[in-house]
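Numbering (this note's numbering), first residue to last: 364 to 840.
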Ligand code: 5AD
Ligand code: SF4
């Protein structure tokens with residue numbers, strides 16, 4: 364009952380926003396009739412795939428209102444920054460770029476700036492923007508993105524700076540227009556928020572508590588995408604392995620993945636991110652069983668030291684991580700494993716760091732995102748006394764890369780002479796006769812071919828390998 368009521372309220376809310384979009388469109392068209400000039404927009408995205416997906420919704424809204432995409436902020440009438448606060452340098456970049464928009468605003472008062480996303484959920488950042496960046500027109504957060512049409516309308520009517528930040532989610536409102544960058548692949552959120560509170564991470568504070576979308580909604584969305592020609596779906600969640608915990612019907616991520624794998628015409632399924640602490644045997648079984656589930660797993664280890672993992676509140680040990688990898692590789696020997704590693708977590712000693720190097724050597728990852736620890740105000744790790752000096756952290760970071768890169772290259776060598784299936788994504792910008800795509804195992808592959816192949820899955824024989832990409836030749840089926 365309660366659920367039905369929520370659903371009805373969500374539909375009402377959605378219709379309200381859609382109505383506002385229509386009203387804004389009428390205004391836009393009237394203005395266009397007078398000026399004969401289309402207005403343009405840019406959405407600039409910082410951070411993760413979740414943000415990239417939110418940006419698609421913002422782009423969809425802008426285009427339904429009538430705006431056309433612009434290449435650069437300088438040439439646009441409307442700029443939206445969708446921000447990330449996972450690491451401090453991303454924040455600095457946003458503030459720097461925001462500052463550099465000020466002269467455009469001074470020259471052209473009709474130039475509009477909106478800023479949203481994770482950074483806006485941080486009180487000290489919001490305060491800073493209100494005080495020092497008052498050339499911004501609209502500010503909103505991660506929980507109310509769907510209200511953007513209303514915020515925009517209010518701003519256009521009043522001319523005032525509009526700020527709307529919620530501290531927690533209310534309902535999940537989906538189905539606003541969205542622009543997919545590619546016609547052949549799409550991302551689908553299966554859940555929002557995170558309950559894990561890793562001690563270094565700000566995500567649980569800015570994205571709120573974990574909540575799963577209903578399976579029937581997810582499956583309907585994917586079926587519609589497949590009908591629309593989508594070949595590859597990326598399922599998104601901060602920790603997909605805890606999908607379903609808020610649904611209370613025993614339906615888990617493996618159940619969802621299996622139901623999605625059965626959708627006719629869906630050629631490839633990817634998902635991220637998997638927390639090692641609750642990756643189940645059922646998930647391994649389902650992955651193994653279905654050919655259309657890509658044999659690639661992103662499994663962030665963060666550190667190889669059990670002591671540091673405990674401080675990070677990751678809830679697994681070095682041994683557990685290694686056993687898990689062994690189990691996964693036993694079931695799927697050629698799976699591609701990638702990871703995230705943080706270097707310089709507070710209190711990390713040389714011994715701890717050696718443990719990280721040890722896991723890297725043992726696992727021989729196929730790829731890794733490496734990060735220097737970044738102190739995030741409000742997280743437990745920020746208050747730990749013995750922070751690692753920048754000099755030591757950087758030294759370890761380079762040491763880690765020096766170990767990782769040759770191992771990744773060596774792993775890539777196994778792909779040589781193999782025929783891999785590549786979903787062709789784009790022409791190579793430097794060389795238009797070359798195409799770029801991703802293999803099932805998520806390798807970036809370049810090969811010669813005609814742009815008409817973009818969006819198709821084609822067999823490519825790998826002829827040469829590098830650390831970060833593979834080169835090949837298209838072969839016949
Ligand atoms: N400092 C450095 N890296 C971080 N990550 C998350 N928070 C921090 C932080 N404070 C990294 C983790 C996570 C990835 C998305 O970002 O490795 O898996
Ligand atoms: Fe952050 Fe940990 Fe949640 Fe990932 S699982 S979003 S690292 S708190």
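Here a beta-carbon is modelled for each residue, glycine too, at the ideal position from N, C-alpha and C.
Residue i and residue j closer than 7 Å at C-beta
i           : j           : result
residue 783 : residue 798 : no
residue 444 : residue 478 : yes
residue 507 : residue 527 : yes
residue 468 : residue 474 : yes
residue 441 : residue 404 : yes
residue 756 : residue 706 : yes
residue 633 : residue 675 : no
residue 573 : residue 558 : yes
residue 728 : residue 764 : no
residue 588 : residue 624 : no
residue 641 : residue 605 : yes
residue 802 : residue 808 : yes
residue 482 : residue 448 : yes
residue 720 : residue 766 : yes
residue 827 : residue 834 : yes
Extent of the continuous alpha helix (DSSP H) to which residue i belongs
i           : result
residue 617 : 616-624
residue 774 : 753-776
residue 584 : 578-590
residue 487 : 486-495
residue 645 : 644-652
residue 841 : This structure does not reach residue 841, given that the chain is present from 364 up to 840, and the question cannot be answered.
residue 719 : 713-726
residue 809 : Where residue 809 is concerned, there is no enclosing alpha helix (DSSP H), although the beta strand (DSSP E) it sits in stretches over 807-811.
residue 815 : Here residue 815 belongs to no alpha helix (DSSP H), and DSSP marks it neither H nor E.
residue 417 : 412-428
Beta-carbon contacts of residue i that lie in its chain and below 8 Å, excluding the five residues immediately before and after
i           : result
residue 519 : 387 and 390
residue 741 : 485, 565 and 568
residue 614 : 578 and 607
Exposed unless 16 or more other CB atoms sit within 10 angstroms - verdict on residue i
i           : result
residue 522 : exposed
residue 659 : buried
residue 838 : exposed
residue 602 : buried
residue 399 : exposed
residue 592 : exposed
residue 435 : exposed
residue 832 : exposed
residue 500 : buried
residue 583 : exposed
residue 385 : exposed
residue 563 : buried
residue 552 : buried
residue 395 : exposed
residue 374 : exposed
residue 792 : exposed
residue 752 : exposed
residue 654 : exposed
Same chain, Cβ closer than 6 Å to residue i, five either side skipped, listed in chain order
i           : result
residue 639 : 662, 679, 684 and 687
residue 382 : none
residue 645 : 617
residue 736 : 705, 707 and 708
residue 402 : 430 and 440
residue 423 : 540, 541 and 542
residue 364 : Note that residue 364 scores a pLDDT of 38, beneath 50, so its modelled location is shaky; the value from the coordinates is reported in the next line. Result list for residue 364: empty, nothing under 6 Å.
Span of the beta strand (DSSP E) around residue i
i           : result
residue 633 : 631-635
residue 802 : 797-802
residue 559 : Here residue 559 belongs to no beta strand (DSSP E), and DSSP marks it neither H nor E.
residue 453 : Element bounds for residue 453: not the beta strand (DSSP E) but the alpha helix (DSSP H), 451-463.
residue 503 : 501-503
residue 526 : 525-527
Any C-beta of chain C under 7 Å from that of residue i
i           : result
residue 752 : Although the question refers to chain C, the structure presented lacks it and comprises just one protein chain.
In DSSP terms, what residue i is bridged to
i           : result
residue 659 : 699
residue 682 : Answer is none; residue 682 lacks a bridge partner.
residue 552 : 599
residue 445 : 408 and 479
residue 789 : 799
residue 731 : 702
residue 834 : 809 and 827
residue 575 : 554
residue 783 : 823
Own chain, CB closer than 7 Å to residue i, minus 5 neighbours either side, in chain order
i           : result
residue 695 : 650, 651 and 658
residue 670 : 715
residue 730 : 701 and 771
Pull every residue with its beta-carbon under 6 Å away from any heavy atom of the ligand MG, and keep them in chain order. The model depicted lacks the ligand MG and carries the ligand 5AD and the ligand SF4 instead.
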